[in-house]
Amino acid sequence: MSRTTTDFLYLVTIVTFILALRFLSRPDKARLGNWIGAAGMLLAIGVTFAQSEVVSYWEIIVGMVIGGGFGAVAARRVKMTAMPQMVALFNGVGGGAAALVSWAEFHNRAPDPGSLKVDIGIAIMLSALIGAISFAGSMVAFAKLQELIQGRPITYPGQQVVNALVLGVALAAGIAIAAGAEEQWLMWVLLAGAAIFGVLFVLPIGGADMPVVISLLNAFTGLAAAATGFELENNVLIVAGMLVGASGTLLTLLMSRAMNRSIANVLFGAFGQVSTEAAAAVAGDGGTVRSATADDVAVMLAYAHKVVFVPGYGLAVAQAQHDVRQLADLLEEKGVEISYAIHPVAGRMPGHMNVLLAEANVPYPQLKEMDEANSEFGRTDVALVVGANDVVNPDARSNEGSPIYGMPILNVDGAQAVVVLKRSMNPGFAGIENPLFYNPKTVMLFGDAKESISKLIEDVKGL
Amino acid sequence: MSHGLLLVFELTILVLAIFLGFEVISKVPTLLHTPLMSGTNAIHGIVIVGAMLVMGQGDKDTLTWVLGFIAVILASANVVGGFVVTDRMLEMFKRRRPERAAKDDDQSAGPQP
Numbered sequence: 040m041s042r043t044t045t046d047f048l049y050l051v052t053i054v055t056f057i058l059a060l061r062f063l064s065r066p067d068k069a070r071l072g073n074w075i076g077a078a079g080m081l082l083a084i085g086v087t088f089a090q091s092e093v094v095s096y097w098e099i100i101v102g103m104v105i106g107g108g109f110g111a112v113a114a115r116r117v118k119m120t121a122m123p124q125m126v127a128l129f130n131g132v133g134g135g136a137a138a139l140v141s142w143a144e145f146h147n148r149a150p151d152p153g154s155l156k157v158d159i160g161i162a163i164m165l166s167a168l169i170g171a172i173s174f175a176g177s178m179v180a181f182a183k184l185q186e187l188i189q190g191r192p193i194t195y196p197g198q199q200v201v202n203a204l205v206l207g208v209a210l211a212a213g214i215a216i217a218a219g220a221e222e223q224w225l226m227w228v229l230l231a232g233a234a235i236f237g238v239l240f241v242l243p244i245g246g247a248d249m250p251v252v253i254s255l256l257n258a259f260t261g262l263a264a265a266a267t268g269f270e271l272e273n274n275v276l277i278v279a280g281m282l283v284g285a286s287g288t289l290l291t292l293l294m295s296r297a298m299n300r301s302i303a304n305v306l307f308g309a310f311g312q313v314s315t316e317a318a319a320a321v322a323g324d325g326g327t328v329r330s331a332t333a334d335d336v337a338v339m340l341a342y343a344h345k346v347v348f349v350p351g352y353g354l355a356v357a358q359a360q361h362d363v364r365q366l367a368d369l370l371e372e373k374g375v376e377i378s379y380a381i382h383p384v385a386g387r388m389p390g391h392m393n394v395l396l397a398e399a400n401v402p403y404p405q406l407k408e409m410d411e412a413n414s415e416f417g418r419t420d421v422a423l424v425v426g427a428n429d430v431v432n433p434d435a436r437s438n439e440g441s442p443i444y445g446m447p448i449l450n451v452d453g454a455q456a457v458v459v460l461k462r463s464m465n466p467g468f469a470g471i472e473n474p475l476f477y478n479p480k481t482v483m484l485f486g487d488a489k490e491s492i493s494k495l496i497e498d499v500k501g502l
Numbered sequence: 777m778s779h780g781l782l783l784v785f786e787l788t789i790l791v792l793a794i795f796l797g798f799e800v801i802s803k804v805p806t807l808l809h810t811p812l813m814s815g816t817n818a819i820h821g822i823v824i825v826g827a828m829l830v831m832g833q834g835d836k837d838t839l840t841w842v843l844g845f846i847a848v849i850l851a852s853a854n855v856v857g858g859f860v861v862t863d864r865m866l867e868m869f870k871r872r873r874p875e876r877a878a879k880d881d882d883q884s885a886g887p888q889p
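First to last, the protein sequences are chains A and B. Everything in the first sequence is counted per my numbering, starting at 40 for the first residue and increasing by one. Everything in the second sequence is counted per my numbering, starting at 777 for the first residue and increasing by one.
Structural data, given as structure tokens:
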């Protein structure tokens, strides 16, 4: 197949990828878009097989069967709650593949003196560097989310300095490669340095900041793929990689904006450490907490006109999304209007909570984004907060001393009444006091979220 | 085509892809951000093309063989896993539960961004 035909068919693949992303703007068309993208990918693979440089097929096919088999099984088995680590894993392997391709290219091209043009050298260096960081960082993110290692920030004195040194060494090796030093050991230093940096840079980031990290690693793998495209002079890699890079960057910005923190602060701030001290200063302006029984809450819910559920990551941890949907169904049968208010960072990756609720068969028109939800709280009778804490904390609006001051929140206190399902009065993950619990409008329903919801279902049925 | 000219063409494509990417992605509602992420995940599996070009060479030494083979395995896990998991997620986004399909009045196409 001539280079012209190949490149033309790669262009078709590019179009399918763009369509796949375009169709994602409509929930009813999104699935079709994904299939179009997959067909484009298949075309690109077929075209690559037909290229004259590709002569040994069976090795590729064996590799594809192994990798594809693993990917298919993992993707079919993964629980929706475990989606963030799955995405991190696929991110990592993609970045790893880009880094390995660059290593092989450098190994094969460098021996002929002067054969490596500067721009190809730069592309190889960037792809290896970013790919290796993405691979190692994603593996740590995976381990944290899978709870193989502790999710809390891991810090030690001089961390920033060590990180900068490691990255500096990797960069120096990369610059030497780009400048034309065709020594194989430089590539080993580059890859090792980048991988160590990847580990060190994700380790100190706490569990609640994972949405930002995963988005960023997604962008990294895209950029690594685009750099690989420059190195192989292949347009489909450049465009596809850059589309992913743009998507990851945009999501990273959205996530950090939703937490009102700069990306630098998320990456280097080790959130959990700072907030405990600040929280102590804020706590203790007291008031009383009213607790209620499931019976009381069931009556409130059943006789309301409009109930808004506010789910947080605690709901996913308690695996209570199906019970919540059952309760919502029961209330709907009684004529109550139901919706769900979803904060952008409710979960461990962008949009995670929407997927969990969709899995529980919640129809997506009931899932409201933050701005839409906030405009509805004024005519809401009961806001039912399940496993959410920081994203409904009014201190973010009014208390300048609070570590989360300025973060956009769901204004549940605008509703007539607020019910908070919570295990106990212990402060949440970040250790920040929440005055919502002391608000006279608020009643607390203590206990495990899943059990509390089950009790509510029983009681609503009994009314 | 000279090498310099090719590079400029590639950079042009790169820059246009950045703008196109931001344009298309910013229209995706937050509702679908997780499928967006796993979908773009599948798309960067396109590095499989690079892995195949490394692995497909006729005359290659052991290191190239090993690197290419691992790269093919990783990239194909990325491609297959990415598309399958995205499909699984998108399948779940329904307007109404099936038993209520009759009530579906087919109005707007979901939450506005």
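Don't be surprised by glycine CBs; every beta carbon is placed ideally from N, CA and C. What you are looking at is a predicted structure, and each value in this text was computed from that prediction instead of being measured.
>> I want to see whether chain A comes within less than 8 Å of residue 778 of chain B, judged by CB atoms only; does it?
In response: Cβ-Cβ to chain A under 8 Å: no for residue 778 of chain B.
>> I want to see whether chain A comes within less than 8 Å of residue 784 of chain B, judged by CB atoms only; does it?
In response: Chain A, which has no Cβ nearer than 8 Å to the Cβ of residue 784 of chain B, makes this no.
> Are residue 848 of chain B and residue 828 of chain B closer than 8 Å when you measure CB to CB?
Replying inline: It is a contact, given that the beta carbons lie within the stated cut-off.
> Measuring CA to CA, which of A/239, A/129, A/342 and A/473 is closest to residue 254 of chain A?
Replying inline: Minimum Cα distance to residue 254 of chain A is reached at A/129.
> Mapping DSSP to helix, strand and coil, what is residue 423 of chain A?
Replying inline: Three-state DSSP puts residue 423 of chain A in a strand.
> Rounded to the nearest angstrom, how far is the Cβ of residue 396 of chain A from that of residue 360 of chain A, given a contact under 8 Å?
Replying inline: Right, their Cβ atoms sit about 6 Å apart.
> Any C-beta of chain A sitting closer than 8 Å to the C-beta of residue 806 of chain B?
Replying inline: Closer than 8 Å: yes.
> When Cβ atoms are compared, which residues of the region 846-863 of chain B fall closer than 8 Å to chain A?
Replying inline: Of all residues in the region 846-863 of chain B, 846, 847, 848, 849, 850, 851, 852, 853, 854, 855, 856, 857, 858, 859, 860, 861, 862 and 863 have a Cβ within less than 8 Å of some Cβ in chain A.
>> Below 8 Å on the Cβ atoms is my contact criterion, and I expect residue 446 of chain A with residue 298 of chain A to pass it. Report the Cβ-Cβ distance as a whole number of Å.
In response: At roughly 6 Å, the Cβ-Cβ gap stays under 8 Å, so residue 446 of chain A and residue 298 of chain A are in contact.
>> Assuming contact is defined by CB atoms lying nearer than 8 Å, are residue 229 of chain A and residue 164 of chain A in contact in what I supplied?
In response: Cβ distance < 8 Å, so residue 229 of chain A and residue 164 of chain A count as in contact.
> Which residue or residues does DSSP assign as beta-bridge partners of residue 481 of chain A?
Replying inline: Residue 481 of chain A is bridged to A/457.
>> With a threshold of 8 Å between beta carbons, is residue 788 of chain B in contact with chain D?
In response: The displayed structure is made up of protein chains A and B, and chain D is not among them.
>> If we require 4 or more residues per run, which alpha helix (DSSP H) segments fall completely within the region 199-272 of chain A?
In response: If we require 4 residues or more, the alpha helix (DSSP H) runs fully inside the region 199-272 of chain A come out as 223-241 and 249-271.
> So what does DSSP say about residue 182 of chain A, is it helix, strand or coil?
Replying inline: Correct three-state label for residue 182 of chain A: helix.
> Listing by chain order, which chain A residues have their CB less than 8 Å from the CB of residue 812 of chain B?
Replying inline: Correct list: 60, 63, 286, 290, 389 and 390.
>> Suppose the cutoff is 6 Å on Cβ atoms and the five residues either side in sequence are ignored; what does the same chain contact list for residue 283 of chain A look like?
In response: Taken in chain order, the residues that qualify are 261.
> Going by the beta-carbon positions, is the gap between residue 388 of chain A and residue 862 of chain B smaller than 8 Å?
Replying inline: No, Cβ-Cβ distance for residue 388 of chain A and residue 862 of chain B is not below 8 Å.
> Would DSSP call residue 781 of chain B helix, strand or coil?
Replying inline: Three-state DSSP puts residue 781 of chain B in a helix.
> Helix, strand or coil: which one does DSSP assign to residue 494 of chain A?
Replying inline: Correct three-state label for residue 494 of chain A: helix.
> How would you list, in chain order, the residues of chain B whose beta-carbon sits under 8 Å from the beta-carbon of residue 413 of chain A?
Replying inline: Under a criterion of Cβ atoms nearer than 8 Å, no residue of chain B is adjacent to residue 413 of chain A; the nearest Cβ is some 14 Å distant.
>> Pairs of beta-carbons, one from the region 125-142 of chain A and one from the region 828-846 of chain B, closer than 8 Å: are there three or more?
In response: With contact defined as three or more Cβ pairs closer than 8 Å, the region 125-142 of chain A and the region 828-846 of chain B are in contact.
>> Given a cut-off of 8 Å on the beta-carbon distance, is the pair residue 166 of chain A and residue 231 of chain A in contact?
In response: No, these two residues do not count as a Cβ contact at 8 Å.
> By how many angstroms is the C-alpha of residue 274 of chain A removed from the C-alpha of residue 249 of chain A?
Replying inline: Looking at the two C-alpha atoms, the distance is approximately 32 Å.
> With a cut-off of 8 Å, do at least 3 Cβ pairs link the region 97-117 of chain A to the region 177-190 of chain A?
Replying inline: Flag = no, the region 97-117 of chain A and the region 177-190 of chain A do not touch.
>> Let's test the definition: count the other Cβ atoms within 10 Å of the Cβ of residue 343 of chain A and tell me whether it reaches 16, buried, or not, exposed.
In response: So residue 343 of chain A ends up on the buried side.
>> According to DSSP, residue 92 of chain A sits in a beta bridge with which residue or residues?
In response: Residue 92 of chain A is not bridged to any residue.
> Are residue 457 of chain A and residue 422 of chain A closer than 8 Å when you measure CB to CB?
Replying inline: Yes; because the gap between Cβ atoms is below 8 Å, this pair is in contact.
>> Against chain A, does residue 796 of chain B count as a neighbour if the rule is that its beta carbon must be under 8 Å from one of theirs?
In response: For residue 796 of chain B, the answer is yes, since a Cβ of chain A falls inside 8 Å of its Cβ.
> Can you tell me whether residue 157 of chain A is buried or exposed, with buried defined as 16 or more other CB within 10 angstroms of its CB?
Replying inline: It is exposed - the Cβ of residue 157 of chain A has fewer than 16 other Cβ atoms within 10 Å.
>> So, for residue 450 of chain A: in the same chain, excluding its five sequence neighbours on each side, which residues have a beta-carbon less than 7 Å away from its beta-carbon?
In response: Around residue 450 of chain A, the same chain offers 413 and 416 as residues with beta carbons nearer than 7 Å, after the five sequence neighbours per side are excluded.
> Which residues in the same chain as residue 313 of chain A place their Cβ atom closer than 7 Å to its Cβ, once the five residues preceding and following it in sequence are excluded?
Replying inline: Caution applies to residue 313 of chain A, whose pLDDT of 44 falls short of 50 and renders its modelled position unreliable; the value that the coordinates give is listed next. Around residue 313 of chain A: 442.
>> Does any residue of chain B have a CB that is nearer than 8 Å to the CB of residue 45 of chain A?
In response: Using a Cβ-Cβ cut-off of 8 Å, residue 45 of chain A does not count as an interface residue toward chain B, since no Cβ of chain B sits closer than that to its own.
> Is the beta carbon of residue 488 of chain A less than 8 Å from the beta carbon of residue 386 of chain A?
Replying inline: Not closer than 8 Å, so no.
>> Spatial neighbours of residue 316 of chain A within its chain, please: C-beta separation below 7 Å, excluding the five flanking residues on both sides.
In response: Annotation note: pLDDT 43 at residue 316 of chain A (below 50); position unreliable, no value reported.
>> Suppose you measure from the CA of residue 47 of chain A to the CA of residue 384 of chain A; what does that come to, to the nearest Å?
In response: Each residue's Cα considered, the two are about 41 Å apart.
>> Between the region 90-101 of chain A and the region 55-70 of chain A, can you find at least three pairs of beta-carbon atoms closer than 8 Å?
In response: Taking 8 Å as the limit for Cβ pairs, the verdict is that the region 90-101 of chain A does not touch the region 55-70 of chain A.
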